[in-house]
C-alpha cells in the first residue's frame, strides 16, 4: 500500500468515525480519557497491519492508551418512489 492511498484511507475512516460519533454520541462512553485512537478497516488486513505498526512506532502521551476502532462499511438500500405525471387534454364527449 503506497503512502497516498494509506493516508487517504486514514482520512476516510476518521471522517466516517466522526460522523458515527455525531449520530451515536454514547459510543464515546466506551473510550477512555486521553485514548489514542487507531482506526482499522474490518475488510483490509494490509491497511490494519500498517496502521497498527505506525501507531506502535509512535510514542504514547503520558497517561494514555491505544484503542482500536474497527470500522465496517454498511450499505443501506433505500427504495425511492418516484411519481410521474402524464398530462392529457380532456376527452370531449
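Numbering (the working numbering), first residue to last: 159 to 251. Where is the CB? At the ideal position from N, CA and C, for every residue including glycine.
The beta-carbon distance between residue 162 and residue 205, rounded to whole angstroms, is 13 Å. This is too long to meet the 8 Å contact definition. In the displayed model, residue 212 falls within a helix according to three-state DSSP. A Cβ-Cβ contact shorter than 8 Å links residue 195 with residue 225. The Cβ atoms of residue 227 and residue 200 do not sit closer than 8 Å to each other. Residue environment for residue 176: exposed (fewer than 16 other C-beta atoms within 10 angstroms of its C-beta).
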